[in-house]
Structure formats: C-alpha cells, structure tokens
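A.B. asks: Quick one: the structure is below, questions incoming.
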Amino acid sequence: MSKPQKSGFPIMLLKNLPFEATPTDLFTLCSKFGTVLQIRKGVENHLKGNCFVVFDDLAKTKQAIEHLNGFNFKGRYLVALHYSVDNRALEEAAAKVRSSKNGESGGTENERLVNNLMDEVFN
1 MSKPQKSGFP
11 IMLLKNLPFE
21 ATPTDLFTLC
31 SKFGTVLQIR
41 KGVENHLKGN
51 CFVVFDDLAK
61 TKQAIEHLNG
71 FNFKGRYLVA
81 LHYSVDNRAL
91 EEAAAKVRSS
101 KNGESGGTEN
111 ERLVNNLMDE
121 VFN
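Position one of the sequence shown corresponds to residue 1 (UniProt numbering), numbered consecutively onward.
Printed below as a string of structure tokens:
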C-alpha cells in the first residue's frame, strides 16, 4: 500500500510556544513574513504550546519557517514546520464544503476548505 500523497498548503505548524503567548503575539510575529489568514492555537493540554498559522502564499510560508525555526520567542526556541495535508483528509474536507447547502456564512470555498481542515486537526 502506498503512502497518501501530501498537498502543499500554506500552513505552518509552530511548536514549543510559551503557554502565555497570545494569538495577538503570534499574529505580530508571523505577519512580518506575509498575510496571515488564520491562527489556530491549541487550548487543550495536549495541544498547548502548538499553533497552526495559515498564510496566503506557500512561498511566504516557507520563508516564515526558515526564519522562525530555532527563533527565541519569549524565552523558548520555536520549532517551525510545514504542515502537510494528506489528500484523503483534503478530499473529505472538500466533500463537506460541497455537501453543505449554503456552506459557512462568508468566505470563499478555499477559506471554508482550510477551516474544515483545521477543524479536523483540532477535533
């Protein structure tokens, strides 16, 4: 059986965050590299210290990863990784977007797709 193919979404996973870091702190830190569409910070015990940052462009995501990996942020050295979405999860999220009669209020289909993917990760 072959491995599922990975998709190149502009999503960065930041690990080893200080627990007191706020989404505003993270937005300020990450927006230096490009337009940040979404930040999802873990609140449950097993997700604290992690967050997902969704950029509008894959090249900007890669630039942010290069600069933030090993960066000392509030006394903690960050681990920045490109979050790869497997095609199976992508297809399931796309099916949910298409099957909803009106979708979510506002936003493009791609934005709703990213929201569904992030919901899958945090649920």
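Even for Gly, the Cβ is constructed at its ideal location relative to N, Cα and C. Predicted model, so just to flag it, every value in this text is computed and none were measured.
1. Tell me whether the beta-carbon of V53 lies closer than 8 Å to the beta-carbon of L17.
2. Do you know how far the Cα of V36 is from the Cα of residue 152?
3. Who pairs with H82 in a beta bridge, going by DSSP?
4. Look at N87 and L78 and say whether their C-beta atoms are less than 8 Å apart.
5. Would you verify that the beta carbon of I39 is, or is not, closer than 8 Å to some beta carbon of chain C?
6. Could you tell me the distance, in whole angstroms, from the CA atom of L58 to the CA atom of H82?
7. Is DSSP giving L37 helix, strand or coil here?
8. Which term fits F27, buried or exposed, when burial requires 16 or more other beta carbons within 10 angstroms of its beta carbon?
C.D. replies: Working from what's here:
1. Taking a C-beta distance under 8 Å as the contact criterion, V53 and L17 do not qualify as a contact pair.
2. Lying before the first or after the last residue shown, residue 152 is absent from the chain, which here runs from 1 to 123.
3. H82 is bridged to M12.
4. In this structure, L78 does not lie closer than 8 Å to N87 by Cβ.
5. The chain inventory of the structure shown lacks chain C, comprising one protein chain alone.
6. Inter-residue distance for L58 and H82 is about 10 Å (C-alpha atoms, whole angstroms).
7. Three-state result, L37: strand.
8. Per the 10 Å Cβ criterion, exposed.
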